[in-house]
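If you're matching positions, the sequence shown starts at 1 in UniProt numbering and goes up one per residue. The next block holds one structure in the form of structure tokens; read it before the comments.
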Amino acid sequence: MKILLVDDHAVVRQGYASLLRALLPEVQLREACDGEQALQRVQEEIPNLVIMDIGLPGISGLEATRRLRQRLPQLRVMFFSMHDELPLVRQALDAGAIGYLTKNSSPEVLVEAVKRTAAGRAYIEQPLATQLACNPAGSDGLDPRLRELTQREFEIFVMLARGLPPRQIAEKLCISAKTLSNYQTLVKSKLQIASQAELVHLAIDSGVVRVGLESA
Numbered sequence: 001m002k003i004l005l006v007d008d009h010a011v012v013r014q015g016y017a018s019l020l021r022a023l024l025p026e027v028q029l030r031e032a033c034d035g036e037q038a039l040q041r042v043q044e045e046i047p048n049l050v051i052m053d054i055g056l057p058g059i060s061g062l063e064a065t066r067r068l069r070q071r072l073p074q075l076r077v078m079f080f081s082m083h084d085e086l087p088l089v090r091q092a093l094d095a096g097a098i099g100y101l102t103k104n105s106s107p108e109v110l111v112e113a114v115k116r117t118a119a120g121r122a123y124i125e126q127p128l129a130t131q132l133a134c135n136p137a138g139s140d141g142l143d144p145r146l147r148e149l150t151q152r153e154f155e156i157f158v159m160l161a162r163g164l165p166p167r168q169i170a171e172k173l174c175i176s177a178k179t180l181s182n183y184q185t186l187v188k189s190k191l192q193i194a195s196q197a198e199l200v201h202l203a204i205d206s207g208v209v210r211v212g213l214e215s216a
């Protein structure tokens, strides 16, 4: 089984890589630190499964997955993220993911998810699967204005709502301050809001972020 693990935090990525190698000795595991490197790794050798984080520098995990699935519709991608907000889970599934798991999961659950998704079977962490079943698309309280955002705009919206300074957002996404400023203006225009306070209230009311949740 060939797996590509994509995560921008080296210590976290190497820790999970070691865990998977220990629990699944048959796995041939490669690593990527961002979306661009993930695209390159898959071009070099197509894995059975890509384990993808959402928050990546440059190309986000959502955008990387969308591009990978456009090139290789048969490619299996499972998101492995700290975030469990339904709007973000839906974004991941809409991008073409076959599974979604949070980093709070036990090693046993991670191994089970990897085996299932690598075999082509969908796997969504049980609490999230229950929430999705109880909140069908269109009934999850997501403001219709948010559905008009592109994946990159949505990603920036989430980071702004979580209170990340613009400079940190620009560095994380590997874009210039001016480009980020243009995105901010566009996002506020699409959402018909004028202030940071309105943006935060919209994110909280829609369940995109929760009070006290830290970004990572």
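Just so you know, even glycine gets a beta-carbon here, dropped at the ideal spot from N, CA and C.
For residue i, which residues does DSSP report across the bridge?
i      : result
Gln28  : Lys2
Val50  : Leu4 and Val77
Leu101 : Phe80
Ile124 : Tyr100
Are the CB atoms of residue j and residue i within a distance shorter than 8 Å?
i      : j      : result
Leu76  : Thr102 : The sequence given here has Arg at residue 76, not Leu. Their beta carbons are not under 8 Å apart, which means Arg76 does not touch Thr102 by this criterion.
Leu88  : Val50  : no
Gly61  : Glu36  : no
Leu149 : Lys190 : yes
Leu23  : Val111 : yes
Ala97  : Met78  : yes
Val208 : Glu85  : yes
Val114 : Leu20  : yes
Leu39  : Arg67  : yes
Pro73  : Lys2   : no
Under 7 Å: does the beta carbon of residue i sit that close to some heavy atom of the ligand GTP?
i     : result
His83 : This structure does not include the ligand GTP; it has no bound ligands of any sort.
Do you know how far the Cα of residue j is from the Cα of residue i?
i      : j      : result
Ser176 : Asp8   : 19 Å
Thr185 : Glu63  : 21 Å
Leu146 : Ser206 : 9 Å
Tyr100 : Glu26  : 23 Å
Val6   : Arg152 : 18 Å
Ala32  : Arg41  : 7 Å
Phe80  : Asp53  : 5 Å
Leu213 : Arg71  : For Leu213, the predicted structure reports a pLDDT of 44, less than 50, and the residue's modelled location is therefore unreliable. A value from the coordinates is still provided. Looking at the two C-alpha atoms, the distance is approximately 34 Å.
Leu180 : Gln192 : 18 Å
Ile156 : Arg13  : 23 Å
Ala216 : Ala92  : Residue confidence is low: Ala216 scores 42 on pLDDT, short of 50, so the model does not pin down where it sits. Its coordinate-derived value is still stated next. Looking at the two C-alpha atoms, the distance is approximately 16 Å.
Tyr183 : Pro166 : 11 Å
Leu56  : Gly15  : 17 Å
Does any residue of chain D have a CB that is nearer than 8 Å to the CB of residue i?
i      : result
Arg152 : Given the protein chain composition of this structure (a single chain), no chain D is represented.
* Spell out a yes or no on whether the segment 92-111 and the segment 169-183 are touching, meaning 3 or more CB-CB pairs, one atom from each, closer than 8 Å. => By the Cβ test, the segment 92-111 is not in contact with the segment 169-183, since fewer than three Cβ pairs between them sit closer than 8 Å.
query = Counting pairs of Cβ atoms below 8 Å between the segment 189-203 and the segment 153-163, do you hit three or more?
reply = By the C-beta criterion, the segment 189-203 is judged to be in contact with the segment 153-163, since at least 3 inter-stretch pairs fall below 8 Å.
Checklist entry - In chain order, which continuous runs of the alpha helix (DSSP H) of length 4 or greater are located wholly inside the segment 112-200? => result With a minimum length of 4 residues, the continuous alpha helix (DSSP H) runs that stay inside the segment 112-200 are 126-134, 151-161, 166-173 and 177-191.
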